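Accompanying notes for the structure given below.
Number of protein chains: 6
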Amino acid sequence: MKLFSIKPVYAHCDLPCGVYDPAQAMIEAKSVYAIQTKMKDFEGDDRTRALFIKEERAELVKHHLWVLWTDYFKPEHLEKYPDLHDKFWKATKQAGECKHHSEPEEGQKLIEMIDEIAEIFKATKNA
Amino acid sequence: MKLFSIKPVYAHCDLPCGVYDPAQAMIEAKSVYAIQTKMKDFEGDDRTRALFIKEERAELVKHHLWVLWTDYFKPEHLEKYPDLHDKFWKATKQAGECKHHSEPEEGQKLIEMIDEIAEIFKATKNA
Amino acid sequence: MKLFSIKPVYAHCDLPCGVYDPAQAMIEAKSVYAIQTKMKDFEGDDRTRALFIKEERAELVKHHLWVLWTDYFKPEHLEKYPDLHDKFWKATKQAGECKHHSEPEEGQKLIEMIDEIAEIFKATKNA
Amino acid sequence: MKLFSIKPVYAHCDLPCGVYDPAQAMIEAKSVYAIQTKMKDFEGDDRTRALFIKEERAELVKHHLWVLWTDYFKPEHLEKYPDLHDKFWKATKQAGECKHHSEPEEGQKLIEMIDEIAEIFKATKNA
Amino acid sequence: MKLFSIKPVYAHCDLPCGVYDPAQAMIEAKSVYAIQTKMKDFEGDDRTRALFIKEERAELVKHHLWVLWTDYFKPEHLEKYPDLHDKFWKATKQAGECKHHSEPEEGQKLIEMIDEIAEIFKATKNA
Amino acid sequence: MKLFSIKPVYAHCDLPCGVYDPAQAMIEAKSVYAIQTKMKDFEGDDRTRALFIKEERAELVKHHLWVLWTDYFKPEHLEKYPDLHDKFWKATKQAGECKHHSEPEEGQKLIEMIDEIAEIFKATKNA
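For the record, the sequence lines run as chains A, B, C, D, E and F.
If you count the first sequence from 1, position 50 lands on 50 in this note's numbering, and the numbers rise without skipping.
If you count the second sequence from 1, position 16 lands on 16 in this note's numbering, and the numbers rise without skipping.
If you count the third sequence from 1, position 127 lands on 127 in this note's numbering, and the numbers rise without skipping.
If you count the fourth sequence from 1, position 8 lands on 8 in this note's numbering, and the numbers rise without skipping.
If you count the fifth sequence from 1, position 11 lands on 11 in this note's numbering, and the numbers rise without skipping.
If you count the sixth sequence from 1, position 87 lands on 87 in this note's numbering, and the numbers rise without skipping.
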């Protein structure tokens, strides 16, 4: 059983390119959410650590989304998905909200927003 | 259609924890391989850039594998998979080989090694 | 003579906030351009080093622009400047072009695109 | 209206060089100060976050000052400004103080110290 | 008096290589321990800062150990020291424990584990 | 046989503090030198990789020296060693030279400069 195909599925970029995948942002977003689901039970040093691990993970969500937005998506995608910019803007803003807030609802909302982006991503790959 | 479930599937760790997933190493490994498949056609500045992007990606493969090895896997996993240490050691060494070498065979070998680790990971999650 | 006023001019953000300033992206963009103006004379090791310093600087341009876009700009700004998203998308894409290309025209174009963003930024600060 | 001139004003360095500008340290110092002006009202999670954002920003102040000191300034500048070393040493130490302390006076002192360095920088550029 | 010999003592690696030295992990581990010896007296902001400085230092311990394990050690070393993998795994896990815990005993244990690795390292260098 | 004493020898700093040690800069400087000793035999991809590994290592030398200068040394040390600032300035500039140049003489000079700093450091620790 192979969990990953050996054949890489990468973006049609011109030159030395990365392999784009919304899973990178999603994994970090799930970390954010996982921390938030536990935070109501955290006090003292544990809470402090949870806060800055959440801060780091949310920053990584932003980074992976920004890279996907700038480097993967092309003008023809934008034409087909005119709210693409807005989806990325709001998802990265929501990652910022997850730094401020510790309720799992915030992380869940972030996950849903990345999921919508992932659907568009998948559709463009299959196009 | 949801590409990712909202419910995060994270490791049973004690406290502020990350969400572990071999996909992080795999995505970077596929970047390494993607670059290698193109390198025979690269010269001059393009080759220089390809070399250091490959270097960075291979370093990220190492990092993600190291985190998985140290932070996710527990003594009980080691008991069941006694060659776990060796698999990680060889996979991270292979990521080093991918820095040195530009043949796609090296990247493919890396992908296969991460795939074996991913299978163990998956088995331990389902246990 | 004071080059900087002591009173910080920072964005109206809710909580622990940064001070936003397009100058951060601009300084890095000028580095990119400065390197490009010299590259036609560079060979061998110097060229290799110029390439990866340019790569790093262009990445910093992207990063500073992304932060400005997500963290500083608010929905009311977008309403007034409906092409804001597109300006950032194209500017960060142009930073990517500056990685690929070594002609100063590419860096100059990047500088002009950041300058347009800086004008919008300034207008929103004075509003 | 152009906020930035297109012509980059960069240091006379030999080879692949950056563009030096005390504005980089100053922007981060203003973030430090901005956080400090709000810290007396911060408690709990907000205070924790403010502390580590301040820590990061103060570290960036140090970094930008160090680069300016080592990479931009030349022996002839030192001859003309014999207390240059001391100004940088004290300014970077003050950035360290801003990590320890949360009173805006500390950040203001840092800003003033960077301002003095910026004046020397400007004088050397015009020389 | 020379504290360091000029002649570098580096690993027998094939190509562009680093100089491996367990001192890198040890210095960071001593920082972790130093912070832990003071933490019982720390409250409020000082404690928060101590926690994330400790977090960063412990992460650096992990990183330096991982590099040593993957990049320096060779199959022939493993043959001679069959518990090498386990020593590294447990030492990096102990660095993780030092993030969770603030008792100096945890840091002392980490130092002892790195010391054992350093002895093996030294033996392999003299072989 | 213990290679490292368990008792950490750290600087007399006020609060959450690091453990300072010129060995950190020295290890990286030895990497720089090690690479330079091999560079005359390097061509093509190997040379490219050697160049950017050397670049990274030299940057780390700078960083570790800067931290030592700003964070460890105190006004009383400066009084006793009035050329302390200059020694650090020149050593970090020499690290920059090692980025530009590939002759081992440059790296050796860097090592000697760090060695002088290390002697002062040791003297201040024993004071």
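Note that the Cβ used here is the ideal one computed from N, Cα and C, for glycine as well.
Values in this document were obtained by computation on a predicted structure and should not be read as measured data.
Just to check my reading of the structure: T92/A and L60/A have Cβ atoms closer than 8 Å, yes? What is that Cβ distance to the nearest angstrom? The pair is not a contact, with the Cβ atoms about 12 Å apart (cut-off 8 Å).
Taking the alpha-carbon of E55/E as reference, which of A95/E, M113/E, Q108/E, L110/E has the nearest alpha-carbon? A95/E
Y81/A in three-state terms, based on DSSP: coil
Of all the options F52/D, E103/D, P75/D, F88/D, which has the alpha carbon lying nearest to the alpha carbon of D41/D? E103/D
Beta-carbon of S31/F versus every beta-carbon of chain C: anything under 8 Å? no
Taking a Cβ distance cut-off of 7 Å, strictly less, list which residues of the segment 90-103 of chain E are near chain B, in chain order. T92, K93, G96, H100
Do W142/F and H85/D have their C-beta atoms within less than 8 Å of each other? The shown model of chain F, from 1 to 127, leaves out residue 142/F, and the question about it has no answer.
Can a CB atom of chain D be found closer than 8 Å to the CB of D21/F? no
To the nearest angstrom, report how far apart I120/A and K87/C are at their CA atoms. 22 Å
H101/A versus E76/E: straight-line alpha-carbon distance, rounded: 51 Å
With a threshold of 8 Å between beta carbons, is K83/A in contact with chain E? The sequence as given places Asp at residue 83/A; Lys does not occur at that position. Not closer than 8 Å to any Cβ of chain E, the Cβ of D83/A fails to qualify, so no.
Proximity test, Cβ basis, 8 Å: T48/A and chain D: yes
Rounded straight-line distance, which links the Cα of S31/B to that of M26/A: 18 Å
Which value, in whole angstroms, describes the spacing of the CA atoms of F73/F and K109/D? 21 Å
Tell me the rounded alpha-carbon separation between A50/A and Q24/A. 20 Å
Can you check whether the C-beta of F121/B is within less than 8 Å of a C-beta belonging to chain C? no
Nearest to Q36/F by alpha carbon, out of T124/E, M113/E, T48/E, V19/E? V19/E
Who are the neighbours of K62/E on chain B, taking C-beta pairs under 8 Å? W66, T70
Can you tell me where the alpha helix (DSSP H) holding Y33/D begins and where it ends? 23-39
Verify whether the separation of the beta carbon atoms of I111/D and A58/D is less than 8 Å. no
Is it right to say D83/B is buried, meaning 16 or more other beta carbons lie within 10 angstroms of its own, or is it exposed? exposed
Where K99/A and D71/A are concerned, what is the direct C-alpha to C-alpha distance, given to the nearest angstrom? 25 Å
Separation of L78/E from K122/B, as counted between CA atoms: 28 Å
Indicate the three-state DSSP secondary structure (helix, strand or coil) for F73/B in the structure shown. coil
Could you check whether the Cβ of L51/F sits closer than 8 Å to any Cβ belonging to chain C? yes
Mind reading off the beta-carbon distance from T48/D to T124/E? Whole number of angstroms is fine, and I expect it under 8 Å. Their Cβ separation, rounded to whole angstroms, is 44 Å, which puts T48/D and T124/E out of contact at 8 Å.
H63/A - DSSP class collapsed to helix/strand/coil: helix
Using a Cβ cut-off of 8 Å (strictly closer), state whether D41/D contacts chain F. no
Does DSSP put E106/A in a helix, in a strand, or in coil? helix
List, in order along the chain, the chain F residues whose C-beta lies closer than 9 Å to that of E55/B? R49, F52, I53
Let me check understanding here. Comparing Cα to Cα, which of P22/B, A34/B, D21/B lies closest to E106/B? A34/B
Do you know how far the Cα of D45/F is from the Cα of I53/B? 13 Å
Nonlocal neighbours in the same chain, by C-beta distance under 8 Å from M113/E, ignoring five residues either side: K87, K90, A91, Q94
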